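Protein sequence lines, in the order shown, are assigned to chains A and B.
Per my numbering, residue 9 is the first one in the first sequence, and the count goes up by one each step.
Per my numbering, residue 9 is the first one in the second sequence, and the count goes up by one each step.
Beta carbons: idealized from backbone N, C-alpha and C, even for Gly.
Predicted model, so just to flag it, every value in this text is computed and none were measured.
Here is the structure we will look at, set down as structure tokens.
Protein chains: 2
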Amino acid sequence: MASSTHPNAPCAACKFLRRKCIQGCVFSPYFPPEDPTKFANVHKIFGASNVSKLLNEIAPHQREDAVNSLAYEAEARLKDPVYGCVGAISVLQRQVLRLQKELDATNADLIRFSSDQNTLMMPQSSGNSLQNPHMLPPNYGAYSWNYNP
Amino acid sequence: MASSTHPNAPCAACKFLRRKCIQGCVFSPYFPPEDPTKFANVHKIFGASNVSKLLNEIAPHQREDAVNSLAYEAEARLKDPVYGCVGAISVLQRQVLRLQKELDATNADLIRFSSDQNTLMMPQSSGNSLQNPHMLPPNYGAYSWNYNP
Chain A
9 MASSTHPNAP CAACKFLRRK CIQGCVFSPY FPPEDPTKFA NVHKIFGASN
59 VSKLLNEIAP HQREDAVNSL AYEAEARLKD PVYGCVGAIS VLQRQVLRLQ
109 KELDATNADL IRFSSDQNTL MMPQSSGNSL QNPHMLPPNY GAYSWNYNP
Chain B
9 MASSTHPNAP CAACKFLRRK CIQGCVFSPY FPPEDPTKFA NVHKIFGASN
59 VSKLLNEIAP HQREDAVNSL AYEAEARLKD PVYGCVGAIS VLQRQVLRLQ
109 KELDATNADL IRFSSDQNTL MMPQSSGNSL QNPHMLPPNY GAYSWNYNP
């Protein structure tokens with residue numbers, strides 16, 4: 009199937025694979041000829057055959073998201089052959105743990121502050137100063153990834 | 009190269025590919041025969057040939073990490089064919105943004121609290137109650153990922 013932006017051009021996948029881009033080509037809607045790198049990356053990391061199989065197993069309305077996530081993973085693996093996008097997961101996990109720790113500490117400060125104020129200012133206390141509307145339930149670890157390079 | 013735990017058994021990759029596991033097999037140290045799923049997953053998503061190429065381009069001391077990250081990505085893609093482990097990145101990004109927002113709000117509460125206390129309790133003020141040792145610099149966005157399924 010020819011791309012809508014280049015009606016006579018084969019898609020980037022068919023051009024790369026040097027084959028005819030037929031009507032109903034599974035790659036064509038997601039690999040336009042003007043972005044040859046997207047297919048080259050995905051092909052290098054996953055292989056055209058694996059991508060084709062994957063796309064055929066996914067509902068058409070989800071294929072664009074699937075191709076974009078494959079392209080993201082492929083680019084990450086080319087930039088970092090050892091960790092790929094798992095490196096990003098590890099960094100984000102550490103960031104979540106650090107932020108949760110900071111939040112716990114800040115909430116503890118707020119409770120202590122509030123408690124001190126209640127002790128010192130008993131007559132003025134509103135009675136709800138221990139309530140922190142921004143306090144979170146202990147939810148870190150909700151996304152716990154085993155791999156931690 | 010035969011695995012140390014099963015000296016006569018071929019590695020999981022050679023067993024899967026039905027080939028002889030020779031001395032110096034690039035897969036053998038990372039795909040022991042007792043874990044056939046690890047290779048099956050990686051082969052299904054990346055292809056044995058791509059994995060072999062990747063391993064040969066990486067320094068030996070980094071190959072175990074590379075295989076483990078590939079196995080992690082492969083398992084994630086098999087569980088979620090549309091987003092794979094990019095889905096985890098998206099969830100973690102949202103978690104980081106939410107935590108940073110909560111932390112900013114809690115820090116603002118603490119500053120307001122401290123300011124109120126200073127106003128009410130001027131004679132008792134220690135003079136440093138505006139200092140929050142847990143306040144963070146505005147660092148979210150340090151890991152900003154473009155893909156957000």
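Check	Outcome
Integer Cβ distance of B:Ala74 from B:Asn49, believed to fall under 8 angstroms	Contact flag wrong, Cβ pair sits at about 15 angstroms.
Closer than 7 angstroms at the beta carbon, the chain B residues around A:Thr45	The premise fails here: A:Thr45 is roughly 15 angstroms from chain B at the closest Cβ pair, so nothing lies under 7 angstroms.
Same chain only: Cβ atoms within 7 angstroms of A:Tyr38, ignoring 5 sequence neighbours per side	Arg71, Glu72 and Val75
Member of A:Gln125, A:Leu62, A:Leu63 and A:Phe54 whose CA lies at the smallest distance from the CA of B:Val59	A:Phe54
Alpha helix (DSSP H) segments (min. 4 residues) lying fully within the segment 55-109 of chain B	56-64 and 71-87
N- and C-terminal bounds of the alpha helix (DSSP H) containing A:Phe24	Ala20 to Leu25
Short CB-CB distance (under 9 angstroms) between A:Ala21 and chain B	no
Any 3 or more C-beta pairs closer than 8 angstroms across the segment 102-119 of chain A and the segment 82-89 of chain B	no
Reduced DSSP secondary structure (H/G/I, E/B, other) of B:Ser122	helix
Cβ separation of A:Phe121 and B:Leu118, assumed to be a contact under 8 angstroms, to the nearest whole Å	7 angstroms
Helix, strand or coil at A:Pro44 according to DSSP, with G and I counted as helix	helix
Beta-carbon contacts of B:Pro44 that lie in its chain and below 6 angstroms, excluding the five residues immediately before and after	Ala20
is_contact[A:Ser122, chain B] using C-beta, thresh 9 angstroms	yes
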